[in-house]
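Let me begin by presenting the structure, written as structure tokens, before commenting on it.
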Amino acid sequence: MARSGAFWQRLHRWASPPGFYRLSGRWVPWLAAASLALLALGLVWGLLYAPPDARQGNSYRIIYLHVPASFLALAGYYVMAVAGAIHLIWRVKLADMLMSAAAPLGAALTFLALFSGSLWGKPTWGTYWVWDARITSMLVLLFLYLGVMALRQAYASRETAGRACAVLALVGTVNIPIIYKSVDWWYSLHQPATIRLTAAPSMHPDMFKPLLVMIVAFYLFYAWVLILNTRAEILSRERRAAWVRELAEEDVT
Amino acid sequence: MPGPGAGFAALLRRDLLLAWRRRGEVANPLIFFAMITALIPLAVGPEPSLLARLAPGMVWIMALLGTLLAADTLFREDFLDGALEFLVLSPQPLWLLVLARVVAHWLVTGVPITLLSPLLAALLALPGSGLPALVAGLGLGTLAFSLLGAVGGALTVALGGGNVLRPLLVLPLYVPVLIFGTAAVARAAAGGESAGALALLGAITALALLVSPFAAAAALRVGIDG
Amino acid sequence: MPGPGAGFAALLRRDLLLAWRRRGEVANPLIFFAMITALIPLAVGPEPSLLARLAPGMVWIMALLGTLLAADTLFREDFLDGALEFLVLSPQPLWLLVLARVVAHWLVTGVPITLLSPLLAALLALPGSGLPALVAGLGLGTLAFSLLGAVGGALTVALGGGNVLRPLLVLPLYVPVLIFGTAAVARAAAGGESAGALALLGAITALALLVSPFAAAAALRVGIDG
Amino acid sequence: MSPAAPLLEFQNLCFERNDLPLFEGIAGGVREGDILQISGANGAGKTTLLRVLTTALSPAAGSLCWRGRPLPRARTRYLTELAFLGHAPGLKLGLSPRENLRWLGGLFPQRHGAAETALAVLGLADWADAPCAQLSAGMLRRAALARLLLSGAALWILDEPLAAIDRDGVALVEQLFRAHLDSGGAIIFSSHQQLALPGVKYLELAA
Amino acid sequence: MSPAAPLLEFQNLCFERNDLPLFEGIAGGVREGDILQISGANGAGKTTLLRVLTTALSPAAGSLCWRGRPLPRARTRYLTELAFLGHAPGLKLGLSPRENLRWLGGLFPQRHGAAETALAVLGLADWADAPCAQLSAGMLRRAALARLLLSGAALWILDEPLAAIDRDGVALVEQLFRAHLDSGGAIIFSSHQQLALPGVKYLELAA
Ligand code: HEM
Ligand SMILES: Nc1ncnc2c1ncn2[C@@H]1O[C@H](COP(=O)(O)OP(=O)(O)OP(=O)(O)O)[C@@H](O)[C@H]1O
Ligand SMILES: Nc1ncnc2c1ncn2[C@@H]1O[C@H](COP(=O)(O)OP(=O)(O)OP(=O)(O)O)[C@@H](O)[C@H]1O
Ligand SMILES: [Mg+2]
Ligand SMILES: [Mg+2]
């Protein structure tokens, strides 16, 4: 009982904006260093040393951006929705700040996945855009992100905006698997003569290893930027609080 | 105190009465829906084979747009004239009252569109074998549209206009309904089996029925403050 | 006393400012149309050749629905919050103020969809040769939609919604716009000549420009009595 | 539910807008037969406080008790015994007063069959079946007040009930208030006017 | 335009709803420095009469003259010299008070650059740039009254200008009225309250 009490106390301190701000301040340099190093490693490995593809030549190398970005675009939505749920149920302000930091980041990654994919489409399919199942569902995901961002921006009161966005994100969560499934189903139903996204057979290990590095690097990068965004959000919302003023004075002196 | 059924019935009655008083405005989208469908052959050419292929998708898109744009007023008016405050402060469960609003909306927009659809589909040369799937699918699908639209309407109720924000929130949620709905008609029209798609559509509608009233009620409690 | 230009400018400014406040971002209407376009392949299937034939009609219908249903509320809000009384009791000519409302409405709904239409048409695989006719036609046509919608909106404020025949008075005027508009694009996309259809479209728009502000102003003077 | 417990009691209420407190440390309550007037300048927060008391808004801090039970939990019970009237009358303009009372009767506990008399008491006998859009400002307000007569609520929370009401109407409202208090009810209301009622307590909000 | 002619004069006004007269044979007028209060019970027709006087509604019978000229013809001239405020404030809730005054300034003659002071006089200096949706009921009414200060209109026609206004606000409005009358203006207004102003004339409408 006493131990769990201590645990809750610690969690509470942690989930308070100043507590999180101090704690995360210690992680930021490590995360930055690790993600930048892995990004550099993966990019150099993937772009310079991995062998060219037998059919696609060098254009396939865009995969090193495209695939990690696609992974995180989806994972990012769940980060956002879980934060929203925590805010809605337990009224943890920090969760709301995390959520508002996660939305633009996820939207940017989704856009990167779409953009890199359509750049890739030109050499492989001969067109920037086809109505493929996965592409369509990615587009829908982008709209879900944009909806959350637009809703937050539309409310004058932060308090209200946060809870409204949480409701929307949660409804979206229920729907994402359904949307993905249905779009896949739609695709297999119509069976157009276009190329399948998963046409590439299992990859050569020399191509795959740098991809793995890039994926890990993107996860770390995501965590880093998310924390930076959240810290900025904390400062802007708590700018009137005493601890932020003290912090600013420390910085000045 | 009146039972929960009383609140549901009272609100449903009220909304149908109001719709009846304003039947011109209610009929507006419906007449449109019919006129535009009649114009489609002008836009894409009169070949029956082409029209028949397009028919399921076109009718569904029209139904979607019709319900979507009408959903704007789902909670907005109640908000402006203060009636929404009564709904939120009623001892009745708010989700049930939301459901009454949604059912009224569906009866006024979705059901007429559904009933009208065989005529429109016939104009677009859809083979008769597709009609049952079209009607059944639209009946379920427009209910799902109204349910999901209510969540968007509740989230934007205090925001003024909301005309453009709300569709942005809601349209992504409409995707599965649209896919299964059109698939059912297309298959049935091609002489195939549509029961699977309709069953999935029914499952989605059932899920929306389970989730939306609660989500919309939560959104209303939040959104009432502006 | 301010000249008539001042009233026009003040009202236009007001409406654009309100639109800006409400939409938060100007991007929202664009996202809306992009999203509906994305739903079309889901409904009718992804084949480019099929989409291309459908593209002119669909883009036009979306433009029409977007403008029309928004136009129903063109004067409703001003009526409810009392601002309409100020318009009617202004020493400025009422038709000019009505025109300002219409132009603002067009700038906010018609113009964005016109500007976006090449992108949407491209997503729907419309051949490039159809694009100029699409843009020119939509520019003119959406203005005509807004003008005609204003008459409908003024009548709604004036007469209440109880009359089912009322939409039928205004709706038929949209039909020629839609017919000539889609015909122009379809011809141009097929490599033909679209100038004739566009000229007719221009003539209709000019006629609407001449008649609508006066008709709407007259309806409003009647309508402020409720 | 001890008989000694006040009907509504609130302590240390604080409401924030964008992290700035609009009011803080507000306390008070009403017992059976009590009438409490919230006063204060325009923008002082009267409407906001009344909405917090109805639970439509949640306070940033502080507690509310209904008949001795803390409020977020006793909410349904509280709402069945509460009648609220805000700035906007909440009547549908397309429906008649009678039709409006009818749908409200489905949402809130209401005595049966009394709509006729309630409207007559408020001077709307001839207008019971006209659409509310045709009523004058004061008549619309009267129609909204008719609901109070129908409800068996113990507590009335009213935001500017006298707005747009003529002088005879004010006297009528005072009489209705007195009857409600005499029958063991309580009233919390805001107004810029002074009522000719004995024993009104005040809660002054500073701007 | 004889200097002796009253500003507004009306004779034998009759207004009908559904062929039943709401009021008949109403006559009166205001000269420079005059203030006329329309009184009467709820539904007596005060709002309707004021709207007839602004020309928003047309009477079934009777005549109106502005500075001695019959009204349907002298309408544009009349409207440039009239400032009207109805039940609904007519401000767009999405815009700030300052922005609202600005668009109204395009529609009506308005003195230049005084918006700042007008809002400050009405106690809205801090709220000049907040959206009107965030104002309380009384603050919104005050913003609507600010327009009167800006306009150079000779005649003010006001429907319940004191609604939702607090006690300090009423004193302020009385002061504004006095200043307008002293500068040669005239006022016609309806209210259920009594103003502390000398020389108010009354026009009582029977219900
Ligand atoms: C706008 C266009 C595109 C979008 C939105 C898109 C989207 C996606 C997404 C969401 C994933 C992750 C899949 C998962 O998590 O299971 C992915 C993976 C992948 N994409 Fe794309 N893609 C696009 C274009 C392309 C193109 C043109 C190609 C190459 C022909 C391509 C090849 C791949 C490959 C090889 C993978 C990883 C293999 C796999 O996990 O299945 N993509 N894409
Ligand atoms: N939705 C809102 N968003 C932001 N601020 C608001 C909102 N509603 C009210 N306020 C502000 O809260 C304060 C209190 O408003 P409230 O309506 O409670 O005042 P009030 O005492 O009822 O005034 P009145 O006498 O004018 O009715 C005001 O300063 C107002 O500007
Ligand atoms: N649009 C309308 N249609 C039909 N009757 C109306 C309409 N508007 C008002 N009336 C009726 O005309 C009469 C006078 O209304 P009016 O609004 O002028 O009263 P008022 O004196 O201003 O009352 P209040 O003190 O309540 O503001 C009322 O009986 C009302 O019911
Ligand atoms: Mg108030
Ligand atoms: Mg009145």
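Heads up: the sequence lines are chains A, B, C, D and E, in that order.
Once you know that position 233 of the first sequence is 233 in our numbering, the rest is easy, because the numbers rise by one and skip nothing.
Once you know that position 168 of the second sequence is 421 in our numbering, the rest is easy, because the numbers rise by one and skip nothing.
Once you know that position 96 of the third sequence is 575 in our numbering, the rest is easy, because the numbers rise by one and skip nothing.
Once you know that position 81 of the fourth sequence is 786 in our numbering, the rest is easy, because the numbers rise by one and skip nothing.
Once you know that position 135 of the fifth sequence is 1047 in our numbering, the rest is easy, because the numbers rise by one and skip nothing.
All residues carry an ideal CB built from backbone N, CA and C; glycine is no exception.
- When C-beta distances to chain C are compared with 8 Å, the residues of the region 138-149 of chain A below that value are L139, V140, F143 and L146, in chain order.
- L368(B) sits in a helix when the DSSP states are folded into three classes.
- Where A1091(E) is concerned, the enclosing alpha helix (DSSP H) starts and stops at R1079 to D1094.
- Rounded to the nearest whole angstrom, the CA to CA distance from N717(D) to A732(D) is 5 Å.
- Taking a cut-off of 6 Å from the heavy atoms of ligand 3, the residues with a C-beta inside it are G705(C), Q839(D), L840(D), S841(D), A842(D), G843(D), M844(D), A869(D), D871(D), R929(E), L934(E), G952(E), N954(E), G955(E), A956(E), G957(E), K958(E), T959(E) and T960(E).
- Secondary structure note for K797(D): it is in no alpha helix (DSSP H), with a DSSP letter that is neither H nor E.
- Put simply, the backbone Cα of T661(C) is about 47 Å away from that of A54(A).
- The region 260-271 of chain B makes contact with the region 342-361 of chain B: 3 or more CB pairs, one atom from each, lie closer than 8 Å.
- L529(C) is positioned such that its CB atom lies closer than 8 Å to that of R306(B).
- The beta carbon of L809(D) falls within 8 Å of a beta carbon belonging to chain B, placing the residue at that interface.
- Here DSSP, grouped into helix, strand and coil, assigns P346(B) to coil.
- Below the 7 Å Cβ cutoff, chain B contributes G335 and E338 as neighbours of G791(D), in chain order.
- Chain A places a beta carbon closer than 8 Å to that of D478(B), counting this residue as a contact.
- In the structure shown, V130(A) falls within a coil segment according to DSSP collapsed to helix, strand and coil.
- Its chain contains N717 as the residues whose beta carbon lies nearer than 6 Å to that of G730(D), once the 5 sequence neighbours on both sides are disregarded; these appear in chain order.
- Counting along the chain, W808(D) sits inside the alpha helix (DSSP H) bounded by residues P802 to L812.
- When distances are taken from the beta-carbon of D1071(E) to the heavy atoms of ligand 5, the shortest one is below 7 Å.
- Contact note: E804(D) reaches chain B through L270, using a C-beta cutoff of 7 Å and chain order.
- The Cβ of S157(A) sits closer than 8 Å to at least one Cβ of chain D.
- Against chain A, the beta carbon of R722(D) has neighbours under 8 Å at S157, listed in chain order.
- In the structure shown, Q949(E) adopts extended strand secondary structure according to DSSP, grouped into three states.
- Residue pairing of C837(D) in beta bridges, as defined by DSSP: absent, with no partner found.
- I227(A) and L98(A) have their C-alpha atoms spaced approximately 8 Å apart.
- Identification of chain A residues near M514(C) by a Cβ-Cβ cut-off of 7 Å yields F143, ordered along the chain.
- By the C-beta criterion, the region 835-854 of chain D is judged to be in contact with the region 786-802 of chain D, since at least 3 inter-stretch pairs fall below 8 Å.
- Residue environment for P309(B): buried (at least 16 other C-beta atoms within 10 angstroms of its C-beta).
- Note that the C-beta distance between W131(A) and P525(C) is below 8 Å.
- Those residues of the region 841-863 of chain D placed with their C-beta closer than 7 Å to a C-beta in chain E are S841, A842, G843, M844 and R847, ordered along the chain.
- Annotation for N747(D): no beta strand (DSSP E) segment contains it, and DSSP assigns it neither H nor E.
- In this structure, the beta-carbon distance from A407(B) to A472(B) falls below 8 Å.
- Within chain E, the C-beta atoms nearer than 7 Å to that of G486(C) come from G1018 and L1019, in chain order.
- Residues of the region 435-463 of chain B with a C-beta atom less than 7 Å from some C-beta of chain A are A436 and I457, listed in chain order.
- Chain C has no Cβ within less than 8 Å of the Cβ of G1025(E).
- Using a C-beta cut-off of 8 Å, the region 116-134 of chain A makes no contact with the region 73-82 of chain A, since fewer than three inter-stretch Cβ pairs fall below that distance.
- Between the region 827-843 of chain D and the region 855-867 of chain D there are fewer than three inter-stretch CB-CB distances shorter than 8 Å, so the stretches are not counted as touching.
- Close CB contacts of L626(C) within its chain, under the 7 Å cut and outside five residues either way in sequence, are with V581, A687, L688 and S691 (chain order).
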